[in-house]
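Working notes, beginning with the structure itself.
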Amino acid sequence: MSATSDVTSAGGAPRLERLFRLIATVWCGSQWAIGYIVAPTLFAVLESRTVAGTVAGRLFHTQAWLSLVCGVLLVWLATALIARTSDARAARCYRGLRWLAVAMMVCVLISWFGLQPFMADLRAQAEASGVEIGQSPFAARFGMLHGLSSGIYLLQSLLGIALIWRQPVRG
1 MSATSDVTSA GGAPRLERLF RLIATVWCGS QWAIGYIVAP TLFAVLESRT VAGTVAGRLF
61 HTQAWLSLVC GVLLVWLATA LIARTSDARA ARCYRGLRWL AVAMMVCVLI SWFGLQPFMA
121 DLRAQAEASG VEIGQSPFAA RFGMLHGLSS GIYLLQSLLG IALIWRQPVR G
């Protein structure tokens, strides 16, 4: 039995590599779908921007947790793949992919757990005064934080493209 037999499936295709690819695809695909298709559609279709924002916020909350789970799994898988390969080129590739996953998780931590609480507080203050955030005295600050959060989301999306694109291709 070879040293890599526990890494490969019956057909010879590496199981860990396939699992890495699957998790990366789920992570990036869900991020792109929610951020660039679902959320804009909510704001285009729903009459109330408040309702659209609430629904989008719940989706982004779920996406943040999914991102952290996927990111941790990818870091673990990349580390396992590095340890189990004798191919220096593949090891170097997975080291880079591991750093991309870490960078994407940092984006989530900054945006969701750093900026989002401030945005939620501004929204709550606006609601307490009986107005929507866009018509409140907090609108400019909320807009600035939202823009910063959107920029971080875009950066995370671009890192996700690199994560998918740079995976080794066999054959």
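When we follow the UniProt record's numbering, the leftmost residue of the sequence shown carries the number 1, and every step to the right adds one. We put the CB at the ideal spot given by N, CA and C, even for glycine.
Answer yes or no: do residue i and residue j have a C-beta to C-beta separation smaller than 8 Å?
i       : j       : result
Leu-115 : Ser-149 : yes
Met-105 : Leu-163 : no
Cys-107 : Gln-156 : yes
Ala-56  : Ala-39  : yes
Arg-49  : Gly-143 : no
Leu-81  : Glu-127 : no
Going along the chain, which residues of its own chain have a beta-carbon closer than 7 Å to the beta-carbon of residue i, five neighbours each way excluded?
i       : result
Cys-70  : Ile-23, Val-26 and Trp-27
Tyr-153 : Gly-35 and Ser-111
Hey, how far is the Cα of residue i from the Cα of residue j?
i      : j       : result
Asp-6  : Gln-125 : Unreliable placement is indicated for Asp-6, whose pLDDT of 46 sits below 50; the coordinate value is still reported in the next sentence. The straight-line gap from Cα to Cα measures roughly 55 Å.
Ala-78 : Glu-47  : 45 Å
Ala-13 : Leu-122 : Per-residue confidence for Ala-13 stands at a pLDDT of 42, beneath the threshold of 50, marking its modelled position as unreliable; the derived number appears in the next sentence. For Ala-13 and Leu-122, the distance between alpha carbons rounds to 51 Å.
Ala-91 : His-61  : 33 Å
Near residue i, what residues of its chain come up, given a Cβ to Cβ distance below 8 Å and the 5 sequence neighbours on each side ignored?
i       : result
Met-119 : Phe-142, Leu-145, His-146 and Ser-149
Leu-158 : none
What did DSSP end up calling residue i once you bin it into helix, strand or coil?
i       : result
Pro-168 : coil
Pro-137 : coil
Residues in the same chain with beta-carbon distance under 6 Å from residue i, minus the five sequence neighbours each way, listed in chain order, please.
i      : result
Phe-43 : Ala-52
Phe-20 : Leu-77
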